[in-house]
Amino acid sequence: MAQDPQIVEREKRSGGCRFLRAFYAPRQLFEELADKPSFLAMALALTAINLVLVVVALPKLQALTLHMFEQNPPPVPPEELERVRALLPKQVAIGGVASGVLFPWVIWLLVALALKIYAAFSTKEAPYRTLFAVAVFGYLPVFLGSIIAYVLILALPVQSLPHVTLSLAAFLPQQKTLLYNFLAQCNPFTWWSLVLWGLGGAVAMRTKPSGPVLYMFGLWLLVALLLAALGTLSPGAA
Amino acid sequence: MSRAAKVGIALAVLLGAGVVVAAVWRGLNPPGTPVKVALAEERLFEDKVLATGKVEPEGEIDVTSPVAAKLLRLAVREGDRVKAGQLLAELDTGDLENKVKSAEAALAVAEAELSALKNVRPEDVAQAEAGVREAEELLKEAQAVADTAQKKLERYRFLRSHGAVSAAELEAVETEAARAQAQVRAAEARLESAQARLQALKNPDPQKIAVQEARVNQARVALEEARSQLAKAKITAPTDGVVLQVGPREGDFLQPGAFILKLGDVNRVRVVAELSEQDLAGIKAGQKGVVTWSAYPGKEWPAVVERLSPTVTRKADQTAESIYKVYLRPEKEGLLPGARVDVSIYRTPPRKAVLVPLEAVFGTDKEKFVMVVENGVARRQKVAVGGSNELYTEIKEGLKPGTMVVLNPRQVKEGERVRPETLAGQRKGS
């Protein structure tokens, strides 16, 4: 039995092409994922690259943590402070590697779950596997932002890093206001991923993209406002 | 793709690029470490200790009961001015007067007995001599009777040996002779007694006189004691002053040492300030102070520290709070004894000085520094410091008024870019 020529054409454009299509032809990519939701290779590749980036930037991350610790030491006795300082590099290494591996997977799981909930409420059929694939490929802009962030971490002096942010807050002087903390959540790379996740979810659910995109932005807005409020209220926040 | 979508994508790309560029720019031009700052200011500097205190009269005297007696009459009331020696109170003297009379009688008896020992009357001697003579006569008579009885006995014994008298007759004569001998011995004893009495009258015993003299002295002391007690029953003022407090009421029975009244001079008062233990450093006699009293808001009594307590004491038995007493002499009248007052003692009298907040100064005992902000950069500046109070440190050298100093200097390094976060409002120097 002869295969559909369109499907054959899509299958030809697999692997690296898929990765690039997330940036210039996302709808096409998500239609392909709806037909064949393979994501494992991409997910593992992203995890591995993320891990490598963490390991490469680890000395700088440790130095940054120590710098911030010295700038705002916790209110504990001096001997306890010394003990915490000695443990910090090890804790940063373990935490950095763990988060480098786990963080993308947690995000993908949550995004896929959010889309599944939307599908359930809008009575659309969309397999969780397909939605997870959408979450993995829609994560690419966030991943791109991470790479830029790691480059900045490696390139800039440690003292400068606390002031660096890849968000709209970069246009304002550092301050402890709700607006500033909210703008610190407004990352264009996150927005880009939100659009892709909404679009991919719509393709998987065979519906118009406006609904899932607005839904994803709505969820983000809630989380962003919550984080901004916490950042404003917490005593050590700047 | 529609034109609007293309424009949207272009704007999004521009926004993303702008964010990245802004992040890089901020990374290359960090805003500096946020620091709290203040300005060095020339202003009035003083270092004073605040405490509460109590006004006490100078030379305060408690007048107490010298004896156990009932308070018969109070001759003064609270607030009365009295002169030294003036009657203050009278105690009931009924028992005391009786005691004096009894002592007088005892003395009279003792003196009479002594006089009798020392001064012998001639009639007494003559009487004693007559007694001796009478005793001698009686002795002679008794001896004559005894001699006769003895002869008679001898005769009867001869007659009995010849059977001329019966045994019963001999026995009766023997009894008569024995009685006569007994009368002789009684007469001899009486004579000895009369002679002894005569001898005593002619030559008195010095030992007896000494004993009697001691008794007289004893009676005299007892009388003086009784009179003294009687005199004490009239209580008089030991010094000039004002009656500050009266304790008992008329009719109350007082034990020896019981409080009756308090005397003092309201024009000569002192203020006893109770300082916290941690405030006593630097407090010396001669320092100036100011006393204020809530009874006269706004009015001040200048005072001078006169002396310091040699010990730290507990405020009350039940509390663990320690206090240090400082005695001040007010230079104006008007404070009433017993008043609770507020006291300020100046360790450093008010003077013009360049001041910075305490937390701006750091360093060692030998060298002190402040971190000044010049063109957004922190720079360490050596300074010579003077006194300090709970808020400010006096800068004697090394800093001009108006210079911006960092309030958390240990968190910034020499040459570090800093961002003055808040210009701390200079608190009122006190």
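From first to last, the protein sequence lines are chains A and B.
Heads up: the first sequence begins at 1 in my numbering, then just goes up one per residue.
Heads up: the second sequence begins at 1001 in my numbering, then just goes up one per residue.
In this text, a Cβ means the ideal position worked out from N, Cα and C, and glycines have one as well.
For this session: Over the uninterrupted alpha helix (DSSP H) stretch that includes Asp35 (chain A), give me the two end residues.
Result: Pro26 to Asp35
Problem set entry | Run of the beta strand (DSSP E) containing Gly145 (chain A), from where it starts to where it stops | Where Gly145 (chain A) is concerned, there is no enclosing beta strand (DSSP E), although the alpha helix (DSSP H) it sits in stretches over Leu140 to Ala155.
For this session: Alpha carbon to alpha carbon, how far is Lys1152 (chain B) from Arg1160 (chain B)? Give it in angstroms, no decimals.
Result: 12 Å
Problem set entry | Beta-bridge pairing of Gly1241 (chain B) - partner residues as DSSP gives them | B:Val1082
For this session: Tell me whether Ile1260 (chain B) sits in a helix, a strand or coil according to DSSP, three-state version.
Result: strand
Exercise. Could you give the residue range of the alpha helix (DSSP H) that holds Gln1199 (chain B)?
Worked result: Ala1167 to Lys1202
Problem set entry | Stretch pair the segment 1265-1282 of chain B + the segment 1098-1117 of chain B: three plus CB contacts closer than 8 Å | no
Exercise. Under a Cβ-count criterion, where at least 16 other Cβ atoms within 10 Å of its own Cβ denotes burial, should Lys116 (chain A) be classed as buried or exposed?
Worked result: buried
Exercise. Between the C-alpha atoms of Ala1023 (chain B) and Thr130 (chain A), what's the straight-line distance to the nearest angstrom?
Worked result: 35 Å
Exercise. Is the beta carbon of Ala184 (chain A) less than 8 Å from the beta carbon of Ala126 (chain A)?
Worked result: no
For this session: Count the C-beta pairs between the segment 1092-1105 of chain B and the segment 1278-1291 of chain B that are closer than 8 Å, then say yes if the count reaches three, no if not.
Result: no
Exercise. For chain A, is any of its Cβ atoms less than 8 Å away from the one on Leu1407 (chain B)?
Worked result: Output row for Leu1407 (chain B): interface = no.
Problem set entry | Which listed residue (A:Gly96, A:Arg18, A:Ile94 and A:Val136) has its alpha carbon closest to that of Pro104 (chain A) | A:Val136
For this session: Identify every run of the alpha helix (DSSP H) within the segment 180-207 of chain A, keeping only runs that are complete inside it and at least 4 residues long; order them along the chain.
Result: 188-205
For this session: Let me know if Ser193 (chain A) comes out buried or exposed under the rule of 16 or more other beta-carbons within 10 Å of its beta-carbon.
Result: buried
Exercise. Just the Cα atoms here: how many angstroms apart are Val1304 (chain B) and Tyr1327 (chain B)?
Worked result: 9 Å
Exercise. Which residues of chain A have a Cβ atom closer than 8 Å to the Cβ of Ala1012 (chain B), listed in chain order?
Worked result: Pro188, Trp191 and Trp192
Exercise. Could you give the residue range of the alpha helix (DSSP H) that holds Val1290 (chain B)?
Worked result: Taken as a continuous stretch (DSSP letters only), Val1290 (chain B) belongs to no alpha helix (DSSP H), being part of the beta strand (DSSP E) at Lys1288 to Thr1292.
For this session: Starting from Gly1059 (chain B), follow the beta strand (DSSP E) in both directions and report where the run begins and ends.
Result: From DSSP, the beta strand (DSSP E) with Gly1059 (chain B) extends over Glu1041 to Thr1064.
Exercise. Are Val1370 (chain B) and Ala1378 (chain B) close, meaning C-beta to C-beta below 8 Å?
Worked result: no
For this session: Starting from Gln71 (chain A), find everything on chain B with Cβ-Cβ shorter than 8 Å and list it in chain order.
Result: Thr1033 and Gln1411
Problem set entry | Simplified DSSP state of Ile1283 (chain B), which is helix, strand or coil | coil
For this session: Please classify Arg18 (chain A): is it buried, with 16 or more other beta-carbons within 10 angstroms of its beta-carbon, or exposed?
Result: Sixteen is the threshold: when 16 or more other Cβ atoms of the shown chains lie within 10 Å of the Cβ of Arg18 (chain A), as they do, the residue is buried.
Exercise. What do you reckon, are the CB atoms on Phe1045 (chain B) and Glu1394 (chain B) nearer than 8 Å?
Worked result: yes
Exercise. If you pair each beta-carbon of the segment 1223-1238 of chain B with each one of the segment 1074-1090 of chain B, do three or more pairs fall below 8 Å?
Worked result: yes
For this session: For the alpha helix (DSSP H) holding Val84 (chain A), just list the boundary residues, first then last.
Result: Pro78 to Phe121
For this session: Closer than 8 Å by C-beta to Pro1349 (chain B): which residues in its own chain qualify, once you throw out the five before and the five after it? Chain order, please.
Result: Glu1046 and Lys1288
For this session: Sort out for me which residues DSSP pairs Ser1322 (chain B) with in a bridge.
Result: The bridge partners DSSP lists for Ser1322 (chain B) are B:Arg1314.
Exercise. Which chain E residues sit within Cβ distance under 7 Å of Ile148 (chain A)?
Worked result: Absence of chain E from the displayed structure is noted, the protein chains being A and B.
Problem set entry | Paired residues, beta bridge with Ile986 (chain B) - DSSP | Since the first and last residues shown for chain B are 1001 and 1430, residue 986 (chain B) lies out of range.
Exercise. Quick one: what's got a C-beta closer than 7 Å to Leu1201 (chain B)'s C-beta in the same chain, skipping five residues either side?
Worked result: Val1120, Asp1124, Val1125 and Ala1128
For this session: Can you tell me the Cβ-Cβ gap for Val158 (chain A) and His67 (chain A), rounded? I've got them flagged as a contact below 8 Å.
Result: 5 Å
For this session: Taking only beta-carbon positions, decide if Thr1302 (chain B) is within less than 8 Å of chain A.
Result: Just to set this straight, residue 1302 (chain B) is Pro in the shown sequence, not Thr. Answer no: the Cβ-Cβ gap between Pro1302 (chain B) and chain A never drops below 8 Å.
For this session: Return helix, strand or coil for Gly1398 (chain B), following the three-state DSSP convention.
Result: coil
For this session: Determine the direct distance from the alpha carbon of Ala1186 (chain B) to that of Ala1144 (chain B), and round the result to whole angstroms.
Result: 14 Å
Problem set entry | Glu1060 (chain B) beta carbon less than 8 Å from that of Lys1325 (chain B) | no
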